[in-house]
Amino acid sequence: MTGTGGRPEPGEAVRVPRPRTALVLRHDSAIGLGNLGPTLEAHGYEIVTIDAPHADVAALDPLAPDLVVVLGGDEAAYETDRYPYLADEIAMLSARVEAEAPIFGVCLGAQLLAKALGAEVRRGPRKEVGWLTVEPTAAGAVSPVRHFAGVPTVQWHGDTFDLPEGVERLATSSQYENQAFARGEWLLAVQFHPEITDDIHEDWLREWGDELPEYGLSREQLRAERASYGPRAQAASAALLGDYLAGLEARSLVA
14 MTGTGGRPEP
24 GEAVRVPRPR
34 TALVLRHDSA
44 IGLGNLGPTL
54 EAHGYEIVTI
64 DAPHADVAAL
74 DPLAPDLVVV
84 LGGDEAAYET
94 DRYPYLADEI
104 AMLSARVEAE
114 APIFGVCLGA
124 QLLAKALGAE
134 VRRGPRKEVG
144 WLTVEPTAAG
154 AVSPVRHFAG
164 VPTVQWHGDT
174 FDLPEGVERL
184 ATSSQYENQA
194 FARGEWLLAV
204 QFHPEITDDI
214 HEDWLREWGD
224 ELPEYGLSRE
234 QLRAERASYG
244 PRAQAASAAL
254 LGDYLAGLEA
264 RSLVA
């Protein structure tokens, strides 16, 4: 019982809401949370970042975090023999899928999630690199991915995956059919990189820019495109993640 105006009676215990926790699985320090971080914090999430290659992922409680965010990386989801921690991540994601516990995957994270859902992940015919657009599907047009309609975003990947059973395809591109998928309000995966900030973009150009001429690109071209498209992409990123998190909040109210 509370007193007048919703105040607790003298001696009554006050319940303090437990902060929501977002566990971030990172695979490379250059491929970080970026502009997703401020949106998570604005929605009341405490961010805990784990560097998967150097952590005992198998020892983590897969259901303890309120949300798991799986970021990109140079690894391939099918290279579990070479990178054993990827198998542990897939096991964690499988446990969360079974419990319908929220997951947000980006690039490698989307591929690991596809594998956890039983789909094949494989090398694509050619890398998809640059500031490119994705096209929302009919389902995507009423999903958080709609914010990227007509908004170029960074692609930098050479792997792809079959669409897992029981999910909705939310976006496609001319080169790769599966650019985003979801299951209900709790699972969202994107092949593109909404997290890109100016600093991350520059890190990638420094780290992997030597491969750009193979795709008819240059560091200077991508810098110019970042200057042109970056602000819109960052706004779309905040809107995409914000909508997804709002959906989780609404889901928790009826659970």
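Quick note, this note's numbering runs 13 ahead of the 1-based positions in the sequence shown.
For each residue, glycine too, the CB sits at the ideal point set by N, CA and C.
Is the distance from the Cβ of Ala-43 to the Cβ of Asp-216 below 8 Å?
yes
DSSP three-state call for Trp-144: helix, strand or coil?
strand
Who are the Cβ neighbours of Ala-195 in its own chain at under 7 Å, not counting the five residues just before and after it?
Ser-156, Val-180, Glu-181, Leu-183, Leu-201
Would you report the Cα separation of Ser-231 and Ala-237, rounded to the nearest angstrom?
10 Å
Helix, strand or coil for His-160? Go by DSSP, reduced to three states.
helix
Whose C-beta lies closer than 8 Å to the C-beta of Pro-207 among residues of the same chain, with five residues either side of it excluded?
Asn-48, Leu-49, Val-119, Phe-161, Thr-166, Ala-246, Ala-249, Ser-250, Leu-253, Leu-254
Inter-stretch contact at 8 Å, needing at least 3 Cβ pairs: the stretch 136-146 / the stretch 92-109
no
Taking only three categories from DSSP, how would you classify Pro-95?
Strictly speaking, residue 95 in this sequence is Arg, with Pro absent from that position. The answer is coil: DSSP assigns Arg-95 none of H, G, I, E or B.
Which ranges does the alpha helix (DSSP H) cover as unbroken runs of at least 4 residues, wholly within the stretch 26-79, from first to last along the chain?
49-55
Residues in the same chain with beta-carbon distance under 6 Å from Thr-62, minus the five sequence neighbours each way, listed in chain order, please.
Val-37, Arg-39
Just list the residues that DSSP pairs Asp-172 with in beta bridges.
Arg-136
Taking 7 Å as the cut-off, is the beta-carbon of Val-167 closer than that to any non-hydrogen atom of the ligand SAM?
As presented, the structure is devoid of all ligands, the ligand SAM included, so that no description of it is given.
Does DSSP put Ala-202 in a helix, in a strand, or in coil?
strand
Compute the Euclidean distance between the alpha carbons of Arg-104 and His-170, then round it to the nearest angstrom.
Note that residue 104 corresponds to Ala in the displayed sequence, not to Arg. If you take the alpha carbons of Ala-104 and His-170, they lie about 23 Å apart.
Using the rule of at least 16 other Cβ atoms within 10 Å of the residue's Cβ for burial, across every protein chain shown, is Glu-224 buried or exposed?
exposed
Please state if the CB of Glu-113 and the CB of Trp-273 are separated by a distance shorter than 8 Å.
Since the first residue shown for the chain is 14 and the last is 268, residue 273 is missing from the structure and cannot be characterised.
Starting from Val-273, trace the beta strand (DSSP E) both ways and give me its first and last residue.
In the structure displayed, the chain extends from 14 to 268; residue 273 sits before or after that span and is not available.
Could you pull out every residue in the same chain whose Cβ sits closer than 7 Å to the Cβ of Arg-159, ignoring the five residues on either side in sequence?
Pro-149, Gly-153
His-56 versus Glu-178, Arg-33, Tyr-98, residue with shortest Cα-Cα distance
Arg-33
On a Cα-Cα basis, can you pick out the residue from Ala-90, Leu-73, Ile-213, Asp-94 that is closest to Ala-132?
Ala-90
Can you tell me where the alpha helix (DSSP H) with Val-119 in it begins and where it stops?
Unbroken run through Val-119 is the beta strand (DSSP E), 116-119; no alpha helix (DSSP H).
Would Val-29 be called buried (16 or more neighbouring beta carbons within 10 Å of its own) or exposed?
Low confidence applies here, because Val-29 scores a pLDDT of 46, under 50, leaving its location unreliable; read the following figure in that light. By the neighbour-count rule (16 or more Cβ atoms within 10 Å), Val-29 is not buried but exposed.
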